[in-house]
Amino acid sequence: MHFYRKQGIPFHYNINLPIVGSFKSVKEYQKEYNPTNHPFIGWIKHHYFPNEEESKVPPFVGLLLGSKLRLMVNRPEIVEEMLITQNKYYDKHPGTAGIIDFVVGKSILFAESDLQWQQKRKVISSALYKDRLRGMIETIKNVAIQAIQQDWLLQKDQNGIQLEIVKIMQNLYMQVTLSCFFGHSLEVNPIVDQLVQGEHKKMRLGEAMQNTFELAMGRAHQPLLIVFRELIPFFITRRDRELKYNAQSMRTFIRNLINERRKAQESQATGGNVEYKDLLSILLSDPNFENDDAIVDECLTFFLAGSMTTASTTANTICYLIQNRETERKLRESLKQNFDNFADSSKTLQDLASEITLETLDLRGDEYLKYCFNESLRIEPPVPFSSSTCMTEEVTLGGNTLKKGEGFFHNCYQLHHNLDQWGPTHDRYIPERFDPAHIHEYPKRHPMSFLPFSGGKRVCVGKTFAEIAFKIVMPLVMKAFNKDGRIGEFVDKEHCTKKPHINGLQLKRSKIIINFNG
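So the sequence shown is numbered by the UniProt record's numbering: it starts at 1 and just counts up by one.
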């Protein structure tokens, strides 16, 4: 720590509790302010640059996670050096998965960038080639229409159509992921068994994934495990035991998927008519995935990254449209211009879906919808800070020397809110900031000031799929729910001005219920 403090990198910690490090201060901040975002984000700003208007955000700030030193990267110039200029030294930290390793295993998301990682990444990327995306578009449309017509609209009662936005989006995108990459039937929305406060509860897969991940994130912040890392393999508390049971339940579900697919492939080999070309079949036939555990690890990671992050982005977009009437008006007008069947009340969701193809998304895809997508990713990134990474050699970045193997995080939330990059309106939802026609109205920003999908050799393989899925789901939802140009309203009126954060790293999710206009 003194090595970095001598270089001017600030640290905040209680020197009387060196084993606990920054944790005590973070917990005190959490208790006082009750943040809906991950507590690290607000705590860092509160202690290191509370008056950003008066002082530039430091490139690095230091954390002590128990006895582990970590640096948080806040400036895009440093990120560029890491991901571009000195990318050959950039890698995942060996302990990056940490406590959630029990949930996602040894997937490529957390693996070091060795030859096996490269080979596995190439195999998984092949499931997202353009010819495969074309077929996925039809699947996404069918899943979305089925969810709207056979689930959401049927929940109308005397109070209207009141739906918990994050919950329905998690279940929708989980079904999208299952159907597109694992050949799962559109007619079956999987139910898995979960332990919640000591009681067994049947949950849809999307909810179960969120529930399990929230337990894992909570465990990552247990004081006992931060101080005594040797206890991580042991599940001591009730919540720990629930996490263990729930994670095993998820893995059992995926193993059953694998066994069902093997039987189907055996049937195909003996004259059956079913042929699969999805991710699961690719994994089963590739020697890089030598055992079922390796396949389960990648599937769980795909569920996590492919459904939870896109779900939070879509949920956030709908919430911001409700908060910003003019933005919703502009988006509806733009969709009307690009899709003839969008505004015509005599046309069905199926009619609108028939206009949405890979070609129309490429050639006349709605630009304002893309601006909304980017602005949602910016203002509330689905992953507010990266997993732990490192440089494999000692390097100098921005005038600071980083030791070989020192762990650090990218503070994506701060990168997306730096005043000198985004201006004084950084905390407002303004899709136009991504419109080239309005670029002169905002500060000139560094390319790495917008980092929702990471970058360089570790860029998210599902980036294009996430954007396509969003561009399909949003027009269908907005057509289905429309009264006088409004998609709906918050049941809790406080959310009109103060919406809880929605992202993939929340320790506890706040419920946001929307009364949809259907």
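The beta carbon of each residue, even a glycine, is placed where N, CA and C say it ideally should be.
Do Thr-212 and residue 572 have their beta-carbon atoms positioned less than 9 Å apart in this structure?
Coverage of the chain is limited to positions 1 through 518, which leaves residue 572 absent and any answer about it impossible.
Return the residue from the list Ile-9, Val-20 and Pro-94 that minimises the CA-CA distance to Pro-59.
Ile-9
8 Å contact criterion, which Ile-487 and Leu-349 should meet: CB distance rounded
Going by Cβ atoms, the distance from Ile-487 to Leu-349 rounds to 15 Å, so no, they are not a contact pair.
What are the residues that DSSP puts in a beta bridge with Lys-201?
Gln-194
Using the C-alpha atoms, what's the distance from Ser-267 back to Asp-427?
56 Å
Indicate, with yes or no, if the ligand GTP has a heavy atom lying under 8 Å from the CB of Tyr-29.
You won't find the ligand GTP in this model; it holds no ligand whatsoever.
So, are the CB atoms of Phe-470 and Glu-375 less than 9 Å apart?
no
What does a CB cutoff of less than 6 Å around Pro-500 pick up in its chain, not counting 5 residues either side in sequence?
Thr-36 and Ser-510
Count the other C-beta atoms from every protein chain shown that fall within 10 angstroms of the C-beta of Arg-378, then say buried if there are 16 or more, exposed otherwise.
buried
Specify whether the region 279-293 and the region 111-127 touch according to this definition: at least 3 beta carbon pairs, one from each stretch, less than 8 Å apart.
yes
Across the region 405-418 and the region 460-474, are there enough close Cβ pairs to call them in contact, namely three or more that are closer than 8 Å?
no
To the nearest angstrom, how far is it from the Cα of Glu-367 to the Cα of Ile-165?
24 Å
DSSP bridge partner residues for Asn-515 (one or two, in chain order):
Gln-162 and Glu-489
Short Cβ contact (9 Å threshold) for Thr-309 with Pro-384:
no
Within the continuous alpha helix (DSSP H) that includes Lys-92, where are the two ends?
Careful: Lys-92 lies outside any alpha helix (DSSP H), inside the beta strand (DSSP E) at 90-92.
I'd like the list of long-range same chain contacts for Ile-84, defined as Cβ closer than 7 Å, with 5 residues on each side in sequence excluded.
Gly-456
Compare the beta carbon distance of Met-209 and Met-250 with 9 Å and say whether it is the shorter of the two.
yes
From which residue to which residue does the alpha helix (DSSP H) around residue 519 run?
Nothing in the structure corresponds to residue 519, since the chain is present only between 1 and 518.
Can you name the residues that DSSP bridges to Thr-389?
Lys-92 and Phe-408
Compare the C-alpha of Phe-182 against each of Leu-257, Leu-231 and Thr-425 and name the closest.
Leu-257
Between the region 383-400 and the region 85-93, do three or more beta carbon pairs fall short of 8 Å?
yes
For Ser-386, which residues in the same chain have their Cβ closer than 6 Å to its Cβ, ignoring the five residues on either side in sequence?
Phe-409 and His-410
What separation, rounded to the nearest whole angstrom, lies between the Cα atoms of Gln-7 and Arg-132?
50 Å
Between Ala-315, Leu-283 and Pro-287, which lies nearest to Phe-302 when the distance is taken from Cα to Cα?
Leu-283
Indicate the three-state DSSP secondary structure (helix, strand or coil) for Met-174 in the structure shown.
helix
For the region 19-66, list the beta strand (DSSP E) runs that are entirely contained and at least 3 residues long, ordered along the chain.
60-65
Which residue spans inside the region 451-497 form an unbroken alpha helix (DSSP H) run of at least 4?
463-480
In this structure, does DSSP put Phe-11 in helix, strand or coil?
strand
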